[in-house]
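First to last, the sequence lines map onto chains P and D. Take 3 as the starting number for the first sequence in the numbering used here and just add one per residue. Take 7 as the starting number for the second sequence in the numbering used here and just add one per residue. Every residue gets a Cβ at the ideal spot worked out from N, C-alpha and C, and that includes glycine. Below is one structure, written out as structure tokens; the observations come after it.
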Amino acid sequence: MIFKKPTLFEKDFAAISDLYPKLRYSRDEKHKSWVISGELDICDATGLYWDTFQVLIIVRHPYPVHVPNIFERSTIIPRTEAWHISEYGECCLDIPHNLKLAFKRGMRLAGFMHEKVYPYFANQLHRLSRQGYAGEEYDHRFEGVMQYYKEELNLPTPILATQFIKSILDKKIIDRNSACLCGSGRKTKKCHLAVLHTLTELGEKVLRHDLVNFEQWEVSLAGNN
Amino acid sequence: MNIYEDYLQPIRKAIAADGQTRTYSEFAGGNVRNKINLRALNEAMPEKRLLPSLEQFADAVGLKPDFTQKLGSHPDFAHLKHTEDTEEHYIVSMFVDVRRSTQLYGRYEPATVFVINNAIQRAAIHTALIFGGYIHRLQGDGLFAYFGGKNMSIKDAVNRALQFASVYSYFVKHDLKEVFEQQGIEQIYTRIGVDLGYDEDVVWAMAGIGEISEVTTFSLHTNLASKMQANAVSNGIVIGDHIKKEAALLQEFFTPVCLRTGKETDRYIFEIPKKGFRYTQHDFDWLKFLKKQDYIATDFSGNIQLKRKQAPAVYANSNNLAPIAVKSKPYYDF
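Here it is as structure tokens:
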């Protein structure tokens, strides 16, 4: 008998099976992905059971590089934008920037399930019990991206965000001790150095996409004025 | 999963009263050695009614216990009593041993041990009745039970036996352990053996004479269940190969005992080399099995919880969802 060595994904799935025993996986060779499906039971912090969601999670090859896509198949969550879910049940767990960074920084299946998936569904149940969402939510579409730049990167205006993005895309070498691009008068190392690192980590593709959107936003604002 | 909470309360009260007053206000009056007050115990734990916490469990499982059952009398074969008749019919036999419970006598008054043993036994009996088991014999705080009969398929009998064994193992491993650990008592644990004998393997008949008799099974597989129980680890369940054969969808939960012990001689519980008969024993991963049941949920910390039938608004507070839910900050861009 020949035993095939388990892949990293298979090992990671085995590691979470104790916490998510009603999920199973299969391989989709055509789309080069792993497909996780089954029931996700949600209990509150005291352990009391609330509800069960039928879920489908697509984990694209290679693992763990891409952010998995998750679908709710049980239709417990109303299919409207306000509930952060598509009409096909795809769940928008977080701003893509955060998810991408999390995986770049080593997030694996266990962290994804525990820090992103389970809280998302618990939050939906919190809202369904007429309490609203337990915490904050992002605005939809590009407004949400701008919110991310403002709240998480401390770049409150599109002009500032554009300036930072361009500095990365233009591969400008920024001295840690030079004045920060934001114009605060402080040295970069004491101001937006971490933000510059984060933007670099996000990668050129994301930054170019955001830059186009920021510029279009500026144009539309100018047009309105 | 606090389904046995109401069965633990009398134990806690008895332990709290032990040796302090020499009169157990809750369960005994006057001289504890001579006047154990069964009435008080029955009020706390009625014989023929599930306590509320276990009733919720039965409701979630969707089964109702049959309290008309009598000890040692499987109703489908009771007519064999005082006859010379025999019948061949399949049965699942189970031996449940509660280990290290003798140490209770070194620690508590006999009256306290009486309450503890009764609570443990009633929890076992009530749970077995929920899953349609028949208690054939009580042995201290352990028991010998049958599952199955003329109106139940073999597969259902096997499944219910495994469910009972799993839920009861959970009770002893988690709930009872917690109570006794608080008292500094070494772990009390179960060992369970389960096996299935097919129609051709089992003879039902009367054993004994006159009133010193019982209707019981004469079967290699009843004997093997007892032997396999002795081969289980603490809080472990060992099952016979027939059980594995009838549980086609549960193969992932069984592993031959020899893989645990590392001794090939432990693979078979019984062999007749001349006939080429070798009967394998398997460890049963009951916790993994339990976590897959429809009536069980696994919480954020990996503990098992009961999936109640009622809407959560009836028994839960959404404020308790908040500590987990607040970590989510959803977005939308489709």
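Does F63 of chain D get closer than 9 Å to chain P when you measure Cβ to Cβ?
-> Position 57 of the second sequence holds residue 63 of chain D. It does not: the Cβ of F63 of chain D has no partner Cβ on chain P nearer than 9 Å.
Taking the continuous beta strand (DSSP E) assigned at L265 of chain D, which residues delimit it?
-> By 1-based counting over the second sequence, the position of residue 265 of chain D is 259. Under the DSSP assignment, L265 of chain D falls outside any beta strand (DSSP E), being part of the alpha helix (DSSP H) whose first and last residues are V263 to T267.
For Q188 of chain D, is the classification buried or exposed, using 16 other Cβ atoms within 10 angstroms of its Cβ as the cut-off for buried?
-> Taking the second sequence and counting its residues from 1, one reaches residue 188 of chain D at position 182. Q188 of chain D should be labelled exposed.
Looking at C-alpha atoms only, which residue of P:L213, P:I78, P:C182 and P:G108 is the closest neighbour of F144 of chain P?
-> Mapped onto the first sequence, residue 144 of chain P falls at position 142. With distances taken between Cα atoms, F144 of chain P lies closest to P:L213.
Closer than 9 Å to chain P by CB, D339 of chain D = Residue 339 of chain D sits at position 333 when you count from the first residue of the second sequence. Yes - at least one Cβ of chain P is within 9 Å of the one on D339 of chain D.
Interface partners of T304 of chain D on chain P, CB under 9 Å | Indexing the second sequence from 1 puts residue 304 of chain D at position 298. Near T304 of chain D (Cβ distances below 9 Å), the residues of chain P are D20, L21, Y22, P23, K24, D43 and C45.
Same chain only: Cβ atoms within 8 Å of L171 of chain P, ignoring 5 sequence neighbours per side = Numbered from 1 along the first sequence, position 169 holds the residue referred to as residue 171 of chain P. Counting only Cβ-Cβ distances below 8 Å, and skipping sequence neighbours, we find E206, L209, R210 and L213.
Under 7 Å Cβ-Cβ, which residues of chain D neighbour I97 of chain P?
-> Counting from one through the first sequence, the residue named residue 97 of chain P turns up at place 95. The answer, in chain order, is Y337.
Looking at the C-beta of V67 of chain D, does it have a partner C-beta in chain P at a distance below 9 Å?
-> Counted from its first residue, the second sequence places residue 67 of chain D at position 61. Answer no: the Cβ-Cβ gap between V67 of chain D and chain P never drops below 9 Å.
Using a threshold of 9 Å, state whether the C-beta atoms of I249 of chain D and L168 of chain D are closer than that.
-> Reading the second sequence from its first residue, position 243 is the one you call residue 249 of chain D. Reading the second sequence from its first residue, position 162 is the one you call residue 168 of chain D. Yes. Within cutoff.
Is there a Cβ from chain P that is less than 9 Å from the Cβ of Y152 of chain D?
-> The sequence position of residue 152 of chain D within the second sequence is 146, counting from 1. Output row for Y152 of chain D: interface = no.
Classify R188 of chain P as buried or exposed, calling it buried when 16 or more other Cβ atoms lie within 10 Å of its own Cβ.
-> Sequence index remark: in the first sequence, residue 188 of chain P carries index 186 (1-based). Exposed.
So, is the C-beta of Y321 of chain D closer than 9 Å to a C-beta in chain C?
-> As a matter of chain content, chain C is missing from the structure shown, whose protein chains are P and D.
Less than 9 Å separating the beta-carbons of C235 of chain P and F170 of chain D?
-> Within the shown structure, residues of chain P are numbered from 3 to 227, placing residue 235 of chain P beyond reach of any answer.
Hey, K313 of chain D and A303 of chain D: beta-carbon distance below 9 Å or not?
-> Residue mapping note: residue 313 of chain D aligns to position 307 of the second sequence, counting from 1. Residue mapping note: residue 303 of chain D aligns to position 297 of the second sequence, counting from 1. Between K313 of chain D and A303 of chain D, the CB-CB gap stays under 9 Å.
Start-end ranges of the beta strand (DSSP E) lying completely within the region 159 to 236 of chain D, minimum 3 residues = Taken in chain order, the complete beta strand (DSSP E) segments of 3 residues or longer contained in the region 159 to 236 of chain D are 195 to 203, 208 to 215 and 218 to 225.
Excluding the 5 residues preceding and the 5 following T223 of chain D in the sequence, name in chain order all residues of the same chain whose CB lies nearer than 8 Å to its CB.
-> For this step, residue 223 of chain D is matched to residue 217 along the second sequence. For T223 of chain D, same chain residues with a beta-carbon under 8 Å away, outside a window of 5 residues either side, are I97, S99, Y152, G203, V208, V209 and W210 in chain order.
Please work out which residues of its chain come closer than 8 Å, Cβ to Cβ, to T77 of chain P, disregarding the five sequence neighbours upstream and downstream, and give them in chain order.
-> If you number the first sequence from 1, residue 77 of chain P lands on position 75. These residues qualify, in order along the chain: G91.
Would Y51 of chain P count as contacting chain D if we go by Cβ distances under 9 Å?
-> Residue mapping note: residue 51 of chain P aligns to position 49 of the first sequence, counting from 1. Judged by the 9 Å Cβ criterion, Y51 of chain P is in contact with chain D.
Answer with buried or exposed for K6 of chain P, where buried requires no fewer than 16 other C-beta atoms within 10 angstroms of its C-beta.
-> In the first sequence, counting from the first residue as 1, residue 6 of chain P sits at position 4. K6 of chain P should be labelled exposed.
Measuring CA to CA, which of P:G185, P:S39, P:I79 and P:D43 is closest to N309 of chain D?
-> Here the question's residue 309 of chain D lines up with position 303 in the second sequence. For N309 of chain D, the closest C-alpha among the options P:G185, P:S39, P:I79 and P:D43 is that of P:D43.
T286 of chain D to F260 of chain D span [Cα, whole Å] = As a working note, residue 286 of chain D is residue 280 in the second sequence. As a working note, residue 260 of chain D is residue 254 in the second sequence. Taking the straight line from one Cα to the other gives about 11 Å.
Do R29 of chain P and Q56 of chain P have their C-beta atoms within less than 9 Å of each other?
-> Within the first sequence, numbered from 1, the residue matching residue 29 of chain P stands at position 27. Within the first sequence, numbered from 1, the residue matching residue 56 of chain P stands at position 54. Contact check for R29 of chain P against Q56 of chain P fails: the beta carbons are separated by 9 Å or more.
Could you tell me which of P:E12, P:L130, P:P80 and P:E217 sits nearest to V37 of chain P, measuring between CA atoms?
-> By one-based count along the first sequence, residue 37 of chain P stands at place 35. From the listed residues P:E12, P:L130, P:P80 and P:E217, the smallest Cα separation to V37 of chain P is found for P:E12.
Looking only at DSSP bridge pairs, what is C93 of chain P linked to?
-> Translated into the one-based positions of the first sequence, residue 93 of chain P becomes position 91. Paired residues: P:I87.
State whether the region 260 to 271 of chain D contacts the region 137 to 150 of chain D, with contact taken as three or more CB pairs (one from each stretch) at a distance under 8 Å.
-> By the C-beta criterion, the region 260 to 271 of chain D is judged not to be in contact with the region 137 to 150 of chain D, since fewer than 3 inter-stretch pairs fall below 8 Å.
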